[in-house]
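Colleague:
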Amino acid sequence: PGAGNYGFQAQPMGVPGGFVLPPVQNQPTMNGTIWMPIPPSIPNCPPGLEYLTQQIDQILIHQQLELLEIVIGFEEKNKYELKNALGQRVYFAVEDTDCLTRNCCGPSRPFTLRIMDNLGHEVITLQRPLRCSSCCCPCCLQELEVQAPPGKTIGYVVQNWHVCLPKFTIQDEKRTDILKITGPCIVCRCCEDVNFEVKSVDETCTVGRISKQWTGIVREMFTDSDNFGISFPMDLDVKMKAVMIGACFLIVSRLF
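Using our numbering, read the sequence shown as starting at 1256 and increasing by one per residue.
1) Around the C-beta of N1339, are 16 or more other C-beta atoms found within 10 angstroms, so that it is buried, or is it exposed?
2) Using only the alpha-carbon positions, how far apart do T1288 and R1344 sit?
3) Just confirm the distance between the C-beta atoms of A1348 and A1497, as a whole number of angstroms; I'd bet it's less than 8 Å.
4) Quick one: residues in its chain with C-beta nearer than 7 Å to the C-beta of A1502, no 5 flanking neighbours on either side, listed in chain order?
5) Which residue wins for smallest C-alpha separation from D1448, given the options D1481, T1459, G1410 and R1430?
6) Using only CA atoms, which one of P1294, Q1397, L1385 and H1376 lies nearest to P1405?
7) Measuring straight from C-alpha to C-alpha, what distance separates V1493 and N1299?
8) Quick one: residues in its chain with C-beta nearer than 6 Å to the C-beta of E1319, no 5 flanking neighbours on either side, listed in chain order?
9) Given I1311, which residues of its chain have a CB within under 6 Å of its CB, disregarding the five upstream and five downstream residues?
10) Measure the alpha-carbon distance for M1371 versus C1440 and round it to whole angstroms.
11) CA-CA distance, P1384 and L1374?
12) Should W1290 go down as buried or exposed, given a rule of 16 or more other Cβ atoms within 10 Å for buried?
13) In this structure, how does DSSP classify F1504 when only helix, strand and coil are distinguished?
14) Beta strand (DSSP E) containing D1427: first to last residue?
15) Classify G1342 as buried or exposed, calling it buried when 16 or more other Cβ atoms lie within 10 Å of its own Cβ.
16) Please report the straight-line C-alpha distance between I1297 and D1490, rounded to a whole angstrom.
17) Per DSSP, V1401 forms a beta bridge with which residues?
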């Protein structure tokens, strides 16, 4: 997969992780964490996105538990592990916000999310400005900018106004619509996964999915630590894979 082609093919959607790869020998580890091996550089691919070209059609996102949030409800910086289907860490993401913003603005807060590789290099930056969180206000909808490398925009995730459905559009750096995302009418968190279908621009075929995974009654009720899965065509352009990761984080901040 290259970085200059948005071509993709519709794939049947089933349980996430519908591919099997042979075990990787001599897997790199850091502090007990197994990282995905560093891939070779690829021409015309933004540095750090080479990981998304290595036969990856699924990313699993695990939010880390924060003790102060559990005990006293103090909102700390969110941290996330991004893993492939083999359980190898691909990236690590850290929210960059100040204490006042986190605890006063809550889920409506603006944020910068810095996504780093296994060398600690920031390879993707997500920026969400402060916007009105009311679904009844179509003039100030949510938007997220995706940069890779930091400082160079590769795409946007834009919320679309709808009476009852959560809908988003994935755009490239020129604001051209590439994919559409549609969620369920009622985002129910009780005892089941919540799926957001990723579709072609004309919405005639499903090409991927973003899923909020049910983690059990105790974790759901007493923490805001969530698990998400992203599936996309293996031949989707790496830039759009990165923007889909951004879409997942916008959905996380907007609805969960």
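By construction, the Cβ of each residue, glycine as well, lies at the ideal position given by its N, Cα and C atoms.
The structure presented is a predicted model; accordingly, all values stated were derived computationally and were not measured.
Modeller: Per the coordinate set shown:
1) It is buried - the Cβ of N1339 has at least 16 other Cβ atoms within 10 Å.
2) T1288 and R1344: Cα-Cα distance of roughly 7 Å.
3) No, A1348 and A1497 are not in contact; Cβ-Cβ is about 12 Å, not under 8 Å.
4) V1412, F1423, I1425, I1436 and I1465, listed in sequence order.
5) With distances taken between Cα atoms, D1448 lies closest to D1481.
6) Of P1294, Q1397, L1385 and H1376, the smallest CA-CA separation from P1405 is found for H1376.
7) Looking at the two C-alpha atoms, the distance is approximately 10 Å.
8) The question names Glu, but residue 1319 in the sequence shown is Gln. So the list reads K1334, once near-sequence residues are dropped.
9) Excluding residues within five positions, the ones whose Cβ falls inside 6 Å are N1339.
10) Cα-Cα distance, rounded: 34 Å.
11) C-alpha separation (whole angstroms): 28 Å.
12) Note on W1290: 16 or more other CB atoms within 10 angstroms of its CB, so buried under the neighbour-count rule.
13) Helix.
14) From DSSP, the beta strand (DSSP E) with D1427 extends over K1422 to D1427.
15) Classification of G1342: exposed, given that the 10 Å Cβ count is below 16.
16) For I1297 and D1490, the distance between alpha carbons rounds to 15 Å.
17) Bridge partners of V1401: L1381 and G1410.
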